[in-house]
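A.B. asks: FYI, our numbering numbers position 96 of the sequence shown as 267, with every residue one higher than the one before it.
Note that beta-carbon positions come from the ideal geometry of N, C-alpha and C, so glycine has one too.
Can you keep this structure in mind? I'll have questions shortly.
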Amino acid sequence: MIKGTPATKKIATSTPTRINYEVKELSSTTWPDFEKFFAKHNGVQGGCWCTFYHHQEGRLLKEGLERKDAIALNRKQKKALVKRDRSHGILVYAGDQAVGWCQYGPKEELPRIDSGRNYSKLDLPPDQDRKLWRLTCFFVDRDFRKKGVARVALKAALDSIQRQGGGIVEAYPPTSKEGGSWSLWFGTVAMFEREGFKAHAKLGEKHLLMRKALA
């Protein structure tokens with residue numbers, strides 16, 4: 172487990188809609204909640220189970236697996252990563268039901284970003300003094316969208332990163348809605364700006380690299 176990460180962290184949070192949410196870190200303890208939430212949505216994003224950015228490349232396609240087998244393998248791999256404390260994220264709850272999710276982690280845990288066509292073109296010298304963190308995925312249950320869930324998840328992720336020593340936090344929101352609802356997996360420019368993120372570089376024509384320093 173990354174030093175400073177509580178196995179389970181509950182934070183009561185109120186939104187402008189007056190819904191009280193709680194947040195918990197993804198862990199072996201909360202895995203059943205994560206599993207139930209993602210299974211309800213068929214593994215999310217075509218059965219990804221939020222494993223895409225854990226891998227340097229799309230090896231499942233290269234292995235030629237049937238779709239149902241690939242989805243099952245994604246779930247199995249995610250569970251194994253959680254067990255080894257190599258996958259981090261925030262679950263947002265309404266009552267005892269998980270309704271939202273944000274994946275975050277250090278660079279080494281989410282290497283797929285580095286091989287992205289637009290990201291790899293950027294001249295980003297490493298900062299030897301500060302750890303690099305990434306926010307790669309947001310997902311909210313349809314019944315709870317536009318009710319502040321993603322913002323709650325983002326705040327909790329930043330709080331967790333802060334407790335773990337901070338560093339530079341990256342996000343990759345779209346600059347338009349041309350990509351449809353799928354593009355909102357990355358969050359929005361506005362939600363990151365509200366939390367103090369600044370535009371750092373363009374990622375092609377449709378995305379922005381944003382960063383925030385946490386002491």
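1. Please go through the same chain and pick out, in chain order, the residues whose beta-carbon is closer than 6 Å to the beta-carbon of D312, but skip the five residues on each side of it.
2. Looking at the strands, I want to know which residues DSSP matches up with M381.
3. Taking 8 Å as the cut-off, does the segment 241-252 touch the segment 213-220 (at least 3 CB pairs, one atom from each stretch)?
4. Using alpha carbons as the reference points, say which of S199, P297, G319, N213 lies closest to R238.
5. Go through its chain and collect everything with a Cβ distance to A386's Cβ below 7 Å, but skip five positions before and after it.
6. Identify the residues that DSSP records as bridge partners of W202: which are they?
7. For M172, which residues in the same chain have their Cβ closer than 7 Å to its Cβ, ignoring the five residues on either side in sequence?
8. Identify the continuous beta strand (DSSP E) that holds A265 and give its terminal residues.
9. In this structure, what does DSSP give as the bridge partners for F310?
10. Less than 9 Å separating the beta-carbons of R365 and A342?
11. Just checking my contact of V194 with V323 at CB under 8 Å: how many whole Å lie between their CB atoms?
12. Are the segment 293-303 and the segment 248-268 in contact at 8 Å, needing three or more beta carbon pairs?
13. Would S331 and H259 qualify as a contact pair, given that the criterion is a beta-carbon distance under 9 Å?
14. Work out the CA separation of T346 and L252 for me, nearest whole Å.
15. Would you please state the rounded distance, in angstroms, between the beta carbons of L325 and G367? I believe it to be under 8 Å.
16. Please classify L374 as buried or exposed, where buried requires at least 16 neighbouring CB atoms within 10 angstroms.
17. Name the one or two DSSP bridge partners that W304 has.
C.D. replies: In brief:
1. The answer, listed in chain order, is V270.
2. A342, A370
3. yes
4. N213
5. These residues qualify, in order along the chain: G337.
6. W202 pairs with nothing; no bridge assigned.
7. For M172, the pLDDT reaches just 46, beneath the cut-off of 50, and the residue's location in the model is therefore unreliable, although a value from the coordinates is still provided. Hits under 7 Å: D256.
8. 259-265
9. W272
10. no
11. 6 Å
12. no
13. yes
14. 31 Å
15. Rounded, the Cβ-Cβ distance is 11 Å, inconsistent with contact.
16. Its Cβ being crowded by 16 or more others within 10 Å, L374 is buried.
17. P277, V340
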